[in-house]
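Line by line, the protein sequences are chains A and B. Numbers in the numbering used here are just positions in the first sequence, counted from 1, shifted up by 396. Numbers in the numbering used here are just positions in the second sequence, counted from 1, shifted up by 1. All C-beta atoms in this analysis are idealised placements derived from N, C-alpha and C, irrespective of residue type, glycine included. Here the structure is a predicted model, which is why all the values come from computation and not from measurement. Below: the structure, in structure tokens.
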Amino acid sequence: MSNNLDTKPKMLKEENNISKKNPFKTPKSYFEDLPDKIVNRIKEDKERTSYKRTFDIFKPYIYMAAGLLALAFLMKSGLSLLVDKEDITSPIKTQTAYSEDDTIIESLITDDYLFYTYINSEDESIESEFSSEELEEYILALNNIEYDLYFELE
Amino acid sequence: MQFADDNDIVSGIKSKDKSEQAFKILVEKYQKRLYMHIRKMVISHADTDDLLQETFIKAYRGIEKFREDSSLFTWLYRIATNETLNFIKKKKRSYVFTATDYEDQLILSLKGDEYFDGDKAEYKLQRAILKLPEKQRLVFNMKYYDDLKYNEISEILKTSVGALKASYHHAVKKIEEILKEE
Numbered sequence: 397m398s399n400n401l402d403t404k405p406k407m408l409k410e411e412n413n414i415s416k417k418n419p420f421k422t423p424k425s426y427f428e429d430l431p432d433k434i435v436n437r438i439k440e441d442k443e444r445t446s447y448k449r450t451f452d453i454f455k456p457y458i459y460m461a462a463g464l465l466a467l468a469f470l471m472k473s474g475l476s477l478l479v480d481k482e483d484i485t486s487p488i489k490t491q492t493a494y495s496e497d498d499t500i501i502e503s504l505i506t507d508d509y510l511f512y513t514y515i516n517s518e519d520e521s522i523e524s525e526f527s528s529e530e531l532e533e534y535i536l537a538l539n540n541i542e543y544d545l546y547f548e549l550e
Numbered sequence: 002m003q004f005a006d007d008n009d010i011v012s013g014i015k016s017k018d019k020s021e022q023a024f025k026i027l028v029e030k031y032q033k034r035l036y037m038h039i040r041k042m043v044i045s046h047a048d049t050d051d052l053l054q055e056t057f058i059k060a061y062r063g064i065e066k067f068r069e070d071s072s073l074f075t076w077l078y079r080i081a082t083n084e085t086l087n088f089i090k091k092k093k094r095s096y097v098f099t100a101t102d103y104e105d106q107l108i109l110s111l112k113g114d115e116y117f118d119g120d121k122a123e124y125k126l127q128r129a130i131l132k133l134p135e136k137q138r139l140v141f142n143m144k145y146y147d148d149l150k151y152n153e154i155s156e157i158l159k160t161s162v163g164a165l166k167a168s169y170h171h172a173v174k175k176i177e178e179i180l181k182e183e
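Put into structure tokens, the structure is as follows:
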């Protein structure tokens, strides 16, 4: 039995004229180049593995930092939306430029009232808050007359 | 630097300074045999090249696990066989929902393969071998083409000698029937 199982398959060689020749070819210089090709691949894999290991060590911290940044961004966006909401609903504010004229105008409004009160007051006990020089300045400012010019005209 | 035998090669690979040189010697020594072993199973040169490289890379990485009381060649052969069988298994899965199966595809690719140098008779034989189940195909190739002894095949495939003999006998019978039909 074992002899039968061990005999070479005659038919494969004799009747079909099939040799045991290898019918498979390889590209030119394939076997000459293969050892270096494999060694280079191992070296590349080693480098890739060392980068990966470094990344793996820092991965938790990187993810934590990214998470905190994302959270900070969301909080900032959320807060800025809340602040902007108040501005949308409130009346539009115009920003006035501060100028020296504003103080003059404001002072004129205030002074007008006081001046009016002064000139209409029959009560001499009310002390004038304005000196004569101040009154002069007030009138000049109203008429936009320069001080020097006023005295020239006079 | 000379490496007298396989034990020297293994020691060289395990060392720090001679590792690359020893590994190259290992590849040069066994590349052709392992290449043909894989190639007869997967037919395509490109697939064989991938599997052969994977075999040597795994051998390099696993060299510490190699027990020096066993043969380096059978160890390499076993890695190559496992890589090949896993590859074939994956390929077969991708053909589950197609009209052709993987073996039919191999037969088709054999016809148009620029690196197949066989005549008509050899093409018929290869086609017949491809119709065998892959483990039977393995046994047939290792016995018929590689001239391995049954105890060597037994060590590689972890199968008993008796089972291997039966498998080979059936493979031969089947091939002869296929060739007769044609």
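When we look at the beta-carbon of residue i and count the other beta-carbons within 10 Å, is it buried (16 or more) or exposed?
| i | result |
| --- | --- |
| residue 42(B) | buried |
| residue 3(B) | exposed |
| residue 460(A) | exposed |
| residue 143(B) | buried |
| residue 542(A) | Low confidence applies to residue 542(A): its pLDDT is 49, below 50, so where it sits in the model is not reliable enough to give any reading. |
| residue 451(A) | exposed |
| residue 69(B) | exposed |
| residue 119(B) | buried |
| residue 434(A) | buried |
| residue 5(B) | exposed |
| residue 13(B) | buried |
If distances are taken between C-alpha atoms only, which option among the options comes closest to residue i?
| i | options | result |
| --- | --- | --- |
| residue 46(B) | 107(B), 142(B) and 168(B) | 107(B) |
| residue 24(B) | 61(B), 123(B), 151(B) and 154(B) | 61(B) |
| residue 103(B) | 125(B), 131(B) and 124(B) | 131(B) |
| residue 134(B) | 111(B), 116(B) and 171(B) | 171(B) |
| residue 80(B) | 59(B), 89(B) and 98(B) | 59(B) |
| residue 48(B) | 30(B), 68(B), 15(B) and 84(B) | 84(B) |
| residue 53(B) | 533(A), 440(A), 453(A) and 426(A) | 426(A) |
| residue 35(B) | 72(B), 78(B), 64(B) and 68(B) | 78(B) |
| residue 86(B) | 174(B), 8(B) and 158(B) | 158(B) |
| residue 165(B) | 180(B), 178(B), 176(B) and 149(B) | 149(B) |
| residue 418(A) | 175(B), 105(B), 173(B) and 127(B) | 127(B) |
| residue 71(B) | 140(B), 11(B), 5(B) and 182(B) | 11(B) |
| residue 55(B) | 32(B), 67(B), 73(B) and 65(B) | 32(B) |
| residue 39(B) | 18(B), 21(B) and 82(B) | 82(B) |
| residue 28(B) | 140(B), 7(B), 115(B) and 16(B) | 7(B) |
| residue 147(B) | 63(B), 26(B), 163(B) and 75(B) | 75(B) |
In this structure, does DSSP put residue i in helix, strand or coil?
| i | result |
| --- | --- |
| residue 4(B) | coil |
| residue 117(B) | strand |
| residue 451(A) | helix |
| residue 427(A) | helix |
| residue 420(A) | strand |
| residue 469(A) | helix |
| residue 15(B) | helix |
| residue 84(B) | helix |
| residue 442(A) | helix |
| residue 71(B) | coil |
| residue 432(A) | helix |
Could you check where the alpha helix (DSSP H) with residue i kicks off and where it finishes?
| i | result |
| --- | --- |
| residue 43(B) | 20-43 |
| residue 157(B) | 151-158 |
| residue 175(B) | 162-182 |
| residue 97(B) | Note, residue 97(B): premise wrong, no alpha helix (DSSP H); not H, not E. |
| residue 53(B) | 46-62 |
| residue 141(B) | 135-145 |
Relative to the ligand SAM, is the shortest distance from any of its heavy atoms to the C-beta of residue i smaller than 8 Å?
| i | result |
| --- | --- |
| residue 449(A) | Here there are no bound small molecules, and the ligand SAM is not part of this structure. |
Is there a Cβ of chain A sitting closer than 9 Å to that of residue i, yes or no?
| i | result |
| --- | --- |
| residue 3(B) | no |
| residue 11(B) | no |
| residue 33(B) | yes |
| residue 61(B) | yes |
| residue 137(B) | no |
Hey, does residue i have any beta-carbon neighbour from chain B nearer than 9 Å?
| i | result |
| --- | --- |
| residue 421(A) | yes |
| residue 432(A) | yes |
| residue 551(A) | The shown model of chain A, from 397 to 550, leaves out residue 551(A), and the question about it has no answer. |
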